[in-house]
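Let me begin by presenting the structure, written as structure tokens, before commenting on it.
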Amino acid sequence: MNTRSLKFQLIAWYAGLLTVCFAALGVVTYFVLQNSLVGSLRENQLRRARQVAQLLGERLQQGTAAQVGEEIEARYAPALNGRLVRITRSDGAVLYLSSPPRDQTFDPAILPPPIWSGSQTETARQTPLLGSRKMLLTAHALQMPSGERYLIETGAPMDEVEADLRNWLVFLLAMLPLVAAITLGGGYLLVKRALISVDRITLSAERISSHNLSERLPVARTGDELERLSIALNRMIERLDAAFQQSRRFVADASHELRTPMTVLRGELENIVQQPELTPEWRDRLGSALEEVDRLAHIVEGLFAISRLDAGEAAAEWMPVDLAQLATSTADQMCLLAEDKNIGVTCTGVMGVWVEGDQARLKQVVVNLLDNAIKYTAPGGAVSMRVMAQNDHAVLEVEDNGIGIPSEARASVFDRFFRVDKARSRERGGAGLGLSIVKSICTAHHGRVEVKSAPGQGSLFRVELPLAPPASDPQRPTHHEHRPSQLS
Amino acid sequence: MRTLIVEDEQKVADFVARGLRAERFDVDVANDGLVGWEMASGNHYDLIILDLMLPGMNGTELLRRLRQQGGTVPVLVLTARDSVDDKVEHFEAGADDYLTKPFAFAELLMRVKALLRRPPTTRSQVLRVADLEVDRLAQQVKRAGKPIELTSKEYALLEYMVAHVGQVLSRTMIVEHVWGKSFENLTNIVDVYVRHLRTKVDDAFPTKLIRTVRGAGYSVGDAREP
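Listed in order, the protein sequences are those of chains S and F. The first sequence begins at 16 in this note's numbering and counts up one residue at a time. The second sequence begins at 1067 in this note's numbering and counts up one residue at a time.
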């Protein structure tokens, strides 16, 4: 899981905050509940203590205080109810102590002694029982007109209160993962819903490359960040488009402007070479200069072709081309070039791999790839070319077992003027434009070219072009001829 | 042969004029579209070499007017542009041929000759250079009476060179003629084929017919030119 993704962060924060809120709410309710339960138990006990105190007060005045114990038993039955009642006089004498409750939850005899608080009439305290249990002890002080003071204590174990609180806590703890799960799920759905528009923008932006910069992203008129994002992206594409056009125009203009001086240079040199009084040495030197003019012309030609292709050369000349037929016939024409280096060229292809395109340009792809393969394969090596239809793509593969391309250079082989080994390629007469022309042609035909290579083992160039839609072209055979051809 | 060159680049006009004059052409030069138009419409020329980017009146317009007037003079267009649209435009406007800058003078000369000689007079069935015979109908080659086996590309190359005997053919011209425009960046193929051709045609004989002209290309001929 990508923990740095916006999706993850949003969901995590959302679910985390909601869960924390829930937990805080749980803690607050727990304490409120505790307060309320303990408070009501205390009130109950105090009321009982007041009642007992009133009874005791009446009986003391009537002089029948001795029977007060029996009366308490009869009225309140503390032992039966699991409660404690204790009456202590200020001199320490215990006038009444309820018997142990039936369930033996506590022993009244070993409870801590009463606490005389002086001024306060009513007090409450908690005192520990066996185990971790507690008892709530409330006390009511009775001041007789005679000056005698009595402390009426009532007590109740807090078991029920604690059980209720425990239940609540269990409930809260049980709910916590559920709440977390619900917020995670809800958060996921919400974030997904919010990010779906971003995804849509991403997909549209993905489709825009240097070759369709005239396209724009759809702008959702929502007036929010997403609209601003798509508008900002569109503006950026516009600026990119302008920059690309400018650079293409520059290359086209430059190569155009270079043609006239080159024409003059070549014409003048050729003219001088024609002079009969020239010594062979001078003739040779001028010849060398002419060769360089030739090379210059090739470079300019290549640059011009690339800039035209990249600018989206008119597709008006396009027609259905059988890539397999084209590849086979081109390989046929070039076989001598391979033979010269004792390289075997195998060409395998089932005829009838139709693509839509400019025949001359597509042929250039085959020529440049084969030339490249032959150029960088040692004498005695092998070059194989395959043409096939895969899914809705026509595939052309040119494989050699030559010197290969180092991995760090592989990404750049389609760049203009890029050469893997500068010294060696120049000696072989390359200007470093062949593969970039191949790439430009492929892109102009809505296809692509890629390379796989292992240094010392060879390279594989793979061209993918969209198959032509099944058109009703009279020249196109209706049946597919299976004829793998062999050339060497 | 009276030829008009309409080209605003003085240096290009100069060397083309010089080259053509050396070939005994009678050459006039106009450096401006309007002047060119006046000269072309007021005189009789056998050939017009026309640049497209001209001050005054552009080449395409000049050509259109010329054809509208009913002029049938062959026109060779020189262009610094090279795209399908342009080519179509030139031919629609009435150009007979076009040449993309930078061009080899030999190529210009060959095209000029082709335009003037149309229909070609060299369509004889058997071409001969010294003791080399090329039979175009049977596509057979013999030297000193002995048949030489050639592949179809080797034959096409030899026939092209023999048909232009004595002329220097640039690699670009050979590639475009024998292999087609897609091979234009592959001029080394010419060297390989010429080498093969030499082993078959020249190696066994004391007189070498195929010559390399450094910086220019190849030519076929039995006379040793300077």
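Think of the CB as a built atom: it goes at the ideal place given N, C-alpha and C, for glycine as much as any other residue.
Coarse secondary structure for residue i, derived from DSSP in three states
i, result
"S:H313", "helix"
"S:S229", "coil"
"S:A469", "strand"
"F:P1272", "coil"
"S:K378", "helix"
"S:D239", "coil"
"S:W369", "strand"
"S:H408", "strand"
"S:Y391", "coil"
"F:R1090", "coil"
"F:Q1076", "helix"
"F:Q1285", "Just to set this straight, residue 1285 of chain F is Ser in the shown sequence, not Gln. The answer is strand: DSSP assigns F:S1285 an E or B state."
"S:P160", "coil"
"S:I125", "helix"
"S:V428", "coil"
"S:L145", "coil"
"F:I1255", "helix"
"S:P421", "coil"
"F:V1231", "coil"
"S:S474", "strand"
Cβ pair residue i, residue j closer than 8 Å
i, j, result
"S:D407", "S:P481", "yes"
"S:R323", "S:A393", "no"
"S:A195", "S:T34", "yes"
"F:V1141", "F:L1116", "yes"
"S:A64", "S:A124", "no"
"S:Q472", "S:G419", "yes"
"S:F37", "S:L191", "yes"
"F:V1256", "F:V1231", "no"
"F:L1181", "F:L1113", "yes"
"F:F1171", "F:G1281", "no"
"S:L199", "S:I26", "yes"
"S:G449", "S:N387", "yes"
"S:R57", "S:L188", "no"
"F:V1139", "F:G1125", "no"
"S:L248", "S:A220", "yes"
"S:V478", "S:L385", "no"
"S:S245", "S:I216", "yes"
"S:A483", "S:V370", "yes"
"F:K1247", "S:L351", "no"
"S:I452", "S:N357", "no"
"S:P128", "S:G97", "no"
"S:R425", "S:V398", "no"
"F:S1285", "F:V1228", "no"
"F:L1129", "F:A1083", "no"
Neighbour-count burial assignment, residue i, 16 or more Cβ in a 10 Å radius
i, result
"S:D415", "buried"
"F:S1190", "exposed"
"S:M334", "exposed"
"F:S1236", "buried"
"F:T1187", "Residue placement at F:T1187 is poorly supported in this model, since its pLDDT is 49, which falls under 50; the coordinates are not used for a value here."
"S:Q379", "buried"
"S:R463", "exposed"
"S:W28", "exposed"
"S:D325", "buried"
"S:I211", "exposed"
"F:L1118", "buried"
"S:K454", "buried"
"F:E1225", "buried"
"F:E1089", "exposed"
"S:Q60", "buried"
"S:M251", "exposed"
"F:E1075", "buried"
Anticipated Cβ contact below 8 Å, residue i with residue j, distance rounded
i, j, result
"F:V1078", "S:G282", "7 Å"
"S:M366", "S:Q348", "Contact flag wrong, Cβ pair sits at about 17 Å."
"F:R1209", "F:L1193", "About 13 Å; that fails the 8 Å criterion."
"S:I456", "S:R376", "5 Å"
Check: residue i C-beta below 7 Å from any heavy atom of the ligand GTP
i, result
"F:A1196", "Of the ligands one can find in the structure shown there are none, so the ligand GTP has no counterpart to examine."
| Does the count of Cβ pairs from the stretch 1194-1207 of chain F and the stretch 1118-1133 of chain F closer than 8 Å reach three? | no
| query | Below 8 Å, can you find three or more Cβ-Cβ pairs linking the stretch 1210-1230 of chain F to the stretch 1256-1275 of chain F? | reply | At 8 Å Cβ cutoff, the stretches touch.
| request: Tell me, please, whether the stretch 296-314 of chain S touches the stretch 1270-1277 of chain F by the rule of three or more beta-carbon pairs shorter than 8 Å. | output: no
| When the Cβ atoms of the stretch 86-103 of chain S are set against those of the stretch 163-181 of chain S, are three or more pairs found closer than 8 Å? | yes
| task | Please confirm if the stretch 59-73 of chain S is in contact with the stretch 123-140 of chain S, defined as three or more CB-CB distances below 8 Å between the two stretches. | result | Judged by Cβ distances under 8 Å, the stretch 59-73 of chain S makes contact with the stretch 123-140 of chain S, as three or more pairs qualify.
| field | Stretch pair the stretch 303-321 of chain S + the stretch 271-290 of chain S: three plus CB contacts closer than 8 Å | value | Cβ pair count under 8 Å is three or more, so yes.
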